[in-house]
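The structure appears right after this line, and notes come after that.
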Amino acid sequence: MRVKTLKVIFSFPATVDAMAMEEYCGERGIPGRLIPLPPSISAGCGLCWCAAPEDRDKIEKAARDAGLRVGGVYELML
Amino acid sequence: MIIEVNAMGDACPIPVVKTKNAIKSLNGGGGVVKTSVDNEIAVQNLTKMAQQKGYEVKSEKLGEASFLVTMTIGEGAESVDDVPETCLVAPESAPRRNVVVVISSDKMGEGSEELGKTLLKSFVYALTQQDELPATVMFYNGGAAMTCEGSPCLEDLKTLEAEGVEILTCGTCLNFYGLSEKLRVGEVTNMYSIVEKLSGASLIVKP
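In the order they appear, the protein sequences are chains A and B.
For the first sequence, our numbering gives the first residue as 272, with consecutive numbering after it.
For the second sequence, our numbering gives the first residue as 3, with consecutive numbering after it.
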């Protein structure tokens with residue numbers, strides 16, 4: 272049985288924002304990865320940024336610095 | 003003595019269990035056991051059980067989901083305890099699945115190459131989240147890069163491999179793309195094995 276852990280999820284209104292987030296964070300070593308949006312969350316884009324909860328502040332700052340639109344921030348067991 | 007067993011709606015192996023119990027209640031005195039079931043798999047399981055014990059057996063289809071299996075047990079018949087209470091014929095509701103996923107490109111779908119690469123990464127991640135994992139994930143042509151050094155899918159593929167999923171990459175393709183020394187997950191395969199795996203698959207998934 273797959274073990275689930277608490278994750279922080281950033282949703283985006285558009286796929287271009289999600290993909291730009293991946294590029295921005297990848298270039299700067301900001302933790303997390305792009306995954307399909309969990310079914311329990313509704314957003315414009317079907318991809319989301321997923322990371323450990325302790326990295327939430329770091330990622331929120333990255334999104335602001337990059338000028339990216341974030342739809343919502345959630346904490347889920349995934 | 004005639005015993006009627008109602009096993010309508012019972013899942014395997016309950017019809018066999020109920021019938022065995024009815025036969026035991028004859029206490030070696032012989033008799034007829036009539037078992038009602040609602041599917042052909044149960045008919046087959048009961049028939050096989052009777053044949054194993056040497057009982058006379060016949061089955062009748064009474065309706066769309068109604069069958070009657072009649073066993074005649076002779077006096078002094080041997081115990082049925084040695085007949086296993088497991089499905090002799092696998093029920094259709096639990097087929098053995100041999101799902102093979104085929105990845106023939108480093109992107110998913112047509113249109114934007116950038117989006118396609120992102121989609122494929124998401125697909126492979128989503129595979130790791132399935133309750134039922136595929137038996138095999140195979141890579142060929144442009145997909146061969148996904149199992150090699152630098153692939154964004156390596157971590158997820160290694161997770162799948164650790165869970166018992168077979169990861170196969172076409173050797174011809176690795177050679178063509180100069181990746182033979184850069185395989186980082188799974189094994190090298192050839193066209194014969196690819197054809198064999200695809201031909202034997204219960205379901206082929208191609209993103």
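Ideal Cβ placement from N, Cα and C applies to all residues, glycine included.
- Assignment of B:K208 by DSSP, reduced to helix, strand and coil, places it in the coil class.
- Scanning its chain for C-beta atoms nearer than 8 Å, with the 5 sequence neighbours on each side dropped, one finds around B:G11 the residues D40, in chain order.
- For A:C321, the enclosing beta strand (DSSP E) stretches over residues L318 to A322.
- Distances from the CA of B:C14 to each of B:F141, B:V7, B:I206 and B:V45 were compared; the closest alpha carbon is that of B:V45.
- The beta carbons of A:P302 and A:D326 sit closer together than 9 Å.
- For B:A128, the neighbours in chain A by C-beta distance under 7 Å run, in chain order, P307.
- Closer than 9 Å to the CB of B:L117 there is at least one CB belonging to chain A.
- If you ignore the 5 residues before and after B:S195, its C-beta comes within less than 6 Å of no other C-beta in its own chain.
- For A:P324, the number of other beta carbons within 10 angstroms of its own is below 16, and it is reported as exposed.
- For B:P17, the uninterrupted alpha helix (DSSP H) segment begins and ends at I16 to K26.
- Cβ contact annotation for A:A285 (same chain, cutoff 8 Å, sequence separation greater than five): G315, C316 and R340, in chain order.
- For chain B, the residues of the region 315–347 of chain A that bring a beta carbon within less than 7 Å of one of its beta carbons are L318, in chain order.
- The region 128–145 of chain B and the region 101–114 of chain B touch, with three or more beta-carbon pairs separated by less than 8 Å.
- Taking a C-beta distance under 9 Å as the contact criterion, B:T72 and B:V34 qualify as a contact pair.
- Straight through space, the alpha carbons of B:C150 and B:I169 are spaced by roughly 12 Å.
- Neighbourhood of B:S124 in chain A, by CB distance below 9 Å: L305, I306, P307, G317 and L318, in chain order.
- Distance from the Cα of B:R99 is smallest, within the candidate group B:S38, B:P136 and B:K119, for B:P136.
- By the neighbour-count criterion, in which a residue is buried when 16 or more other Cβ atoms sit within 10 angstroms of its Cβ, B:D133 is exposed.
- One finds E116, L117 and T120 in chain B with Cβ atoms closer than 8 Å to the Cβ of A:M290, taken in chain order.
- Listed as beta-bridge partners of B:V34 by DSSP are B:I4 and B:T74.
- Taking the Cα positions, B:L121 is about 12 Å away from B:G113.
- Counted as a single uninterrupted DSSP element, the beta strand (DSSP E) harbouring A:R304 occupies residues R304 to P307.
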